[in-house]
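Structure, as structure tokens:
In the numbering used here, the protein residues as written are 26 to 189.
See the structure below:
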């Protein structure tokens, strides 16, 4: 079943807004070299709807802008989230694989942004480890719980099509 454009845009906007709210609510741990961006739990939403892809990208972009990130972080951090969301949509048939692309994308991109954008003197492999751990906590743990809950109530929450 194909979504109409208004419903698609509404869903994307809602996802973007929730992403921003979560980043702001958990601001102390949403930014920096060691972070657990709780909003990244939402990257499992492409499992339910393609509207999550632009919603996550816009939400990350706005969060980085509002959170005072530098331009390179706004651009490349948001692009990492977009790549992760696209990968999640690609692997949407698997509850396990849907969580992998956002973790990999952010683990590979964010350390370079921290090093070359912010001048963080830590070794890139170390920052890959810290960013990766934060992503695993946010995506696999929190996102996995969210995926489990939303899947259980899928028809009630998302209708017969199963889409958000």
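Here a beta-carbon is modelled for each residue, glycine too, at the ideal position from N, C-alpha and C.
Can you tell me whether DSSP reads residue i as helix, strand or coil?
{"i": "residue 88", "result": "helix"}
{"i": "residue 74", "result": "coil"}
{"i": "residue 116", "result": "coil"}
{"i": "residue 59", "result": "coil"}
{"i": "residue 179", "result": "helix"}
{"i": "residue 141", "result": "helix"}
{"i": "residue 93", "result": "coil"}
{"i": "residue 131", "result": "helix"}
{"i": "residue 150", "result": "helix"}
{"i": "residue 33", "result": "helix"}
{"i": "residue 51", "result": "coil"}
{"i": "residue 121", "result": "coil"}
{"i": "residue 172", "result": "helix"}
Quick one: give me the first and last residue of the alpha helix (DSSP H) that residue i is part of.
{"i": "residue 162", "result": "It is not in any alpha helix (DSSP H) - residue 162 carries neither H nor E in the DSSP assignment."}
Excluding the 5 residues flanking residue i on each side, which residues of the same chain have their C-beta closer than 8 Å to its C-beta?
{"i": "residue 123", "result": "69, 71, 72, 113, 116, 117, 172"}
{"i": "residue 43", "result": "64, 67, 84"}
{"i": "residue 165", "result": "124, 128"}
{"i": "residue 153", "result": "132, 133, 136"}
For residue i and residue j, I'd like the C-alpha separation in whole angstroms.
{"i": "residue 87", "j": "residue 159", "result": "20 Å"}
{"i": "residue 189", "j": "residue 40", "result": "With a pLDDT of 47 at residue 189, under the threshold of 50, the modelled position of this residue cannot be trusted; read the value that follows with caution. Rounded to the nearest angstrom, the two C-alpha atoms are 10 Å apart."}
{"i": "residue 139", "j": "residue 60", "result": "12 Å"}
{"i": "residue 144", "j": "residue 175", "result": "40 Å"}
{"i": "residue 93", "j": "residue 78", "result": "23 Å"}
{"i": "residue 151", "j": "residue 141", "result": "15 Å"}
{"i": "residue 121", "j": "residue 58", "result": "26 Å"}
Apart from the five residues on each side of it in sequence, which residues of its chain come closer than 7 Å, Cβ to Cβ, to residue i?
{"i": "residue 89", "result": "98, 99, 102, 103"}
{"i": "residue 54", "result": "60, 61"}
{"i": "residue 163", "result": "61, 62, 63, 65, 66"}
{"i": "residue 33", "result": "76"}
Among the residues of its own chain, which have a CB less than 6 Å from the CB of residue i, if the five just before and after it don't count?
{"i": "residue 105", "result": "130, 131, 134"}
{"i": "residue 107", "result": "82"}
{"i": "residue 157", "result": "132"}
Can you give the beta carbon distance from residue i to residue j, rounded, assuming they're within the 8 Å contact cut?
{"i": "residue 95", "j": "residue 45", "result": "About 18 Å separates the two Cβ atoms, so there is no contact after all."}
{"i": "residue 80", "j": "residue 50", "result": "Not a contact, Cβ separation roughly 17 Å."}
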